[in-house]
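The numbering used here applies: residue 274 is where the sequence shown begins, and numbers increase by one.
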Amino acid sequence: MSNTSDVLVERLIAWGVDTIFGLPGDGINGVFEALRQRKDRIRFIHVRHEESAAFAACAYAKFTGRLGVCIATSGPGGIHLLNGLYDAKLDHAPVLAITGLQHSDLLGTFSQQDVALDKLFIDVCEYNERVMNGAHIESLTDLAIRTALAKRGVAHLTLPVDVQTQPVKQGRSERNPPHHTTATPAFDTHLPAQVDLQHAADILNRGKRIAILAGQGALHATDELERMAAVLGAPIIKSLLGKAAVPDDSPYTTGGIGLLGTEPSQTALEDCDTLLMVGTSFPYIEFLPKPGDAKCVQIDCDPQRISLRYPADVGIVGDTRVCLKALLPMLKKHDDRFLRSAQKGKQKWAELLEKQGTHLEKPMKPQVVGWELGKRIPANAIVTSDSGTITTWWARYVPALRGQKHSCSGNLASMACGLPYAIGAAIAYPDRPVYCIIGDGGLSMLMGELITIAAYQLNIKVIVIKNNTLGQIKWEQMVFLGNPEYACDLFPADFAAIARGCGMPSWRIEDPARCGADLDLALQRQGAALVEAVVDPFTPPMPAKVKPSQAAKFAESLMRGEPNRGKIALTAVSDAVRELV
C-alpha cells in the first residue's frame, strides 16, 4: 500500500523531476526510503551542507529552466536551507524545498528539533504548506510544483515524521477524491496587447539616442536583442544576471552596468534619451537615467516589475522573446551614431582591461588571473561566480561567449554560492565543463563541497582567487563610509593542500608571468581540479567612474588610521596613473 512519501516521490517523477539535492536525517527518513526505492528514476545528490543543497537547486533551476528540488530533515536541517532559498526567491528561480517535522502529536510541545518550519518559511515562499495526512499529499505536491514554476519562486512542503509513512487513504474526506489534480504543466507566454506594442513602437521610433538594458529575463532572446540593437542603433547594456544574454564579443553590447560594470555602459545610460528595459529589474537605481531624462519602454513577464526602478511610459507584460519579435516589424531603421560612439568607448575600455590584465609585477594582480582565465574558458562552458571582489573580476575580465551560461547570486549577493552553483550546473549538464570562480572567503564558508565534487567526479574547475581578506567588505568600509578596514583579514589557508585532501588535484599560481601557462596545466586536465591563485590584497575593485564622494571617503579612511594605508595608497595611485597613461 502506498504511503505519503511514496506518493510525494511519484508526483515529483510525474512532473519530470530527476534530481534532488540534500542530506538525510531522522526527521525525513520516510521520504528517503521512498527515494531509495526509486533511485533508478530520481537521483539523490548528497551534499555536505543543506545550504549547499538549496544553492545547488537554485542553480539547477537557473541553468535549466526546470524545477530545482532540495530536501532536508527537521529543525536545523530545514533552517540551513533558508539562505539558498532566499537566493532562489530574489533571483526568481523555481525551487521546491521538502522538509521534515517532528511527530504530529508532539508539535508545539518543546520536543527535540521542534521547529515550525512552515511558519519559519513564510517570507521566502510563494507556496508553503504542512502536510496533514496521507490523503493530503497528492494535491499539495501538484500545487506546490505548479506554483513554483508559474511564479518562478520557492515552494515548500513540510511533512511530520509519522505522516511520511501514513497510508494515502488515511484522513481522506468525501470532498477530496483521489487523483483530482494532474502533473500537466501550463505556461503563459503573455502575448502583448497590440495597443501597447504600438505605443512602445511610437516611443522607440521617436528616440534619437536609445539604450537597451537587458537582464536575465532576456537570456533566451539573444538573437532578438541583437536585431533590436541593429534596428535602433542602440547599445545593449547588461545587468549582472543578464551577462550571457548577449555575448561580450557582440558589436552591440558595451558590457555590464553598476559598480562592477563598464564605463561605456554607464556613459550610454547617462546620455540616452530613450531606455528599453528587457527582462530586468536592475536594483541599482543610481546607475539609471534620472527620472524624466529619458522615455522608457519596459518588457517583463511580471507586471509587478513594471516601473519598479524607472518610470515606464509603456509597460509590456510578456515573454521577452515573444514581445521583441512582435515589436521589431513596427520599428523604423535608426542611424547608428549613438551605437558607434558606444563602440568607441567599448574599445577604449577593452584596452584598459588588457593593460590591467597583463601587469607582470608582484604580488600578482587579480586582474591578471581574470584576464588569463577569460581567454581559456571554452564556448560550451558554464561559469559560476561567488560574491565579493571576485564578482568584479568575473564580471569584467571573463567574457561571456555565445553558447555559454553564466550566473551568480544576483540580488541576494550571498557569499558561499559559487561551489554549490557549480555542482548544480555540473549535475544538470554532465557533458559540459563547469568553471567556478571564487574567493577565499566564499570558498571557506562551504569548503566541504570540494568533497562532493570529488565524490561525484564532476567536471568542475575551481579557480580560487586568494587575497587573505574579505576584500569587498574592506573596500565598502573605506569607500562608502570613510572608515579604516576592520575584521576583514583571513587566516591564510592552503586551499591547494585542502583540495588534495578532498581528492582533487590542485595547482598554486603566484607568478603573473606564468599565470597563463599554469592555468593551462590545470584546465586541460579532464575532470575536477582546483587552482589557488595568490594575488595582491591591496588592489581595489574600482568602479567604472569614481564619484567625488567615493574618492573623498577613500581619502578619509586613509587619514583615519587605515592600517595598510601606505600599500593601499600606492596601489590605488599606481592603478590610476596607468589608466591615464
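In this text, a Cβ means the ideal position worked out from N, Cα and C, and glycines have one as well.
CB contact flag (residue i, residue j, <8 Å)
i: threonine 292; j: leucine 432; result: no
i: tryptophan 644; j: isoleucine 710; result: no
i: glycine 506; j: glycine 552; result: no
i: serine 512; j: leucine 470; result: no
i: leucine 498; j: leucine 597; result: yes
i: glutamate 758; j: proline 836; result: yes
i: glycine 630; j: aspartate 659; result: no
i: glutamate 399; j: alanine 361; result: no
i: threonine 526; j: alanine 817; result: no
i: alanine 473; j: isoleucine 579; result: no
i: cysteine 545; j: proline 564; result: no
i: cysteine 775; j: alanine 806; result: no
i: valine 237; j: tryptophan 780; result: A query on residue 237 cannot be resolved here, the shown segment of the chain reaching from 274 to 854 and no further.
i: valine 441; j: valine 404; result: no
i: alanine 541; j: proline 508; result: yes
i: threonine 454; j: glycine 303; result: no
i: glycine 300; j: glutamine 375; result: yes
i: arginine 669; j: leucine 601; result: no
i: alanine 287; j: alanine 518; result: no
i: isoleucine 650; j: arginine 705; result: no
Where residue i falls: helix, strand or coil (DSSP)
i: asparagine 478; result: helix
i: glutamate 758; result: coil
i: cysteine 775; result: coil
i: glutamine 797; result: coil
i: phenylalanine 460; result: coil
i: glycine 712; result: strand
i: histidine 353; result: helix
i: asparagine 865; result: Only positions 274 to 854 of the chain appear in the structure, and residue 865 is not among them; the question remains open.
i: valine 808; result: coil
i: valine 901; result: This structure does not reach residue 901, given that the chain is present from 274 up to 854, and the question cannot be answered.
i: glutamine 616; result: helix
i: leucine 281; result: helix
i: glycine 289; result: coil
i: alanine 366; result: coil
i: cysteine 690; result: coil
i: valine 388; result: coil
i: isoleucine 782; result: strand
i: valine 642; result: helix
i: leucine 803; result: strand
i: proline 836; result: coil
i: glycine 529; result: strand
i: valine 397; result: coil
i: valine 707; result: strand
i: lysine 516; result: coil
i: lysine 621; result: helix
i: isoleucine 882; result: In the structure as shown, the chain begins at 274 and stops at 854. Residue 882 is therefore absent and cannot be evaluated.
i: valine 815; result: Note that residue 815 is methionine in the sequence shown, not valine. Three-state DSSP puts methionine 815 in coil, outside helix and strand.
i: methionine 751; result: helix
i: serine 717; result: helix
i: arginine 578; result: helix
Start-to-end residues for the beta strand (DSSP E) that takes in residue i
i: threonine 631; result: Unbroken run through threonine 631: none, as it is neither H nor E.
i: glutamate 402; result: 400–403
i: threonine 292; result: 292–295
i: isoleucine 485; result: 483–487
CB contact check: residue i to chain D, cutoff 8 Å
i: aspartate 586; result: Among the chains of the structure shown, chain D does not appear; only one protein chain is present.
Limits of the unbroken alpha helix (DSSP H) element including residue i
i: arginine 594; result: 593–600
i: phenylalanine 328; result: 323–337
i: proline 433; result: Unbroken run through proline 433 is the beta strand (DSSP E), 427–433; no alpha helix (DSSP H).
i: glutamine 730; result: Glutamine 730 -> no alpha helix (DSSP H), and no H or E assigned at all.
i: threonine 665; result: 662–670
i: arginine 419; result: 410–424
i: threonine 540; result: 536–544
i: glutamate 499; result: 495–505
For residue i, the residue or residues it bridges with in DSSP
i: serine 680; result: Thr657
i: asparagine 276; result: Pro440
i: lysine 345; result: It should be noted that the sequence gives alanine, not lysine, for residue 345. Answer is Thr372, bridged to alanine 345.
i: aspartate 573; result: Val590
i: valine 551; result: Ala487 and Ile572
i: arginine 316; result: Thr292
i: isoleucine 510; result: Leu486 and Gly528
i: isoleucine 736; result: Ile710 and Val804
Cβ-heavy atom distance, residue i to the ligand ADP, below 7 Å
i: glycine 618; result: The ligand ADP is absent from the structure shown, which contains no ligands of any kind.
Looking at C-beta atoms only, is the number of pairs between the stretch 693–712 and the stretch 728–736 that lie closer than 8 Å three or more? yes
Flag this pair as touching only if the stretch 714–722 and the stretch 352–363 have three or more C-beta atom pairs under 8 Å; answer yes or no. no
Decide yes or no for the touch test of the stretch 292–304 against the stretch 365–377: beta carbon pairs closer than 8 Å, at least 3 of them. yes
Within 8 Å, do at least three Cβ pairs link the stretch 295–311 to the stretch 340–350? Judged by Cβ distances under 8 Å, the stretch 340–350 makes contact with the stretch 295–311, as three or more pairs qualify.
For the stretch 678–685 against the stretch 311–322, do three or more pairs of beta-carbon atoms, one drawn from each stretch, fall closer than 8 Å, so that the two count as touching? Between the stretch 678–685 and the stretch 311–322, the count of C-beta pairs closer than 8 Å stays below three; the two stretches do not touch.
Could you tell me whether the stretch 764–773 touches the stretch 621–637, where touching means 3 or more Cβ pairs closer than 8 Å? Three or more beta-carbon pairs separated by less than 8 Å are not found between the stretch 764–773 and the stretch 621–637, which leaves the two stretches without contact.
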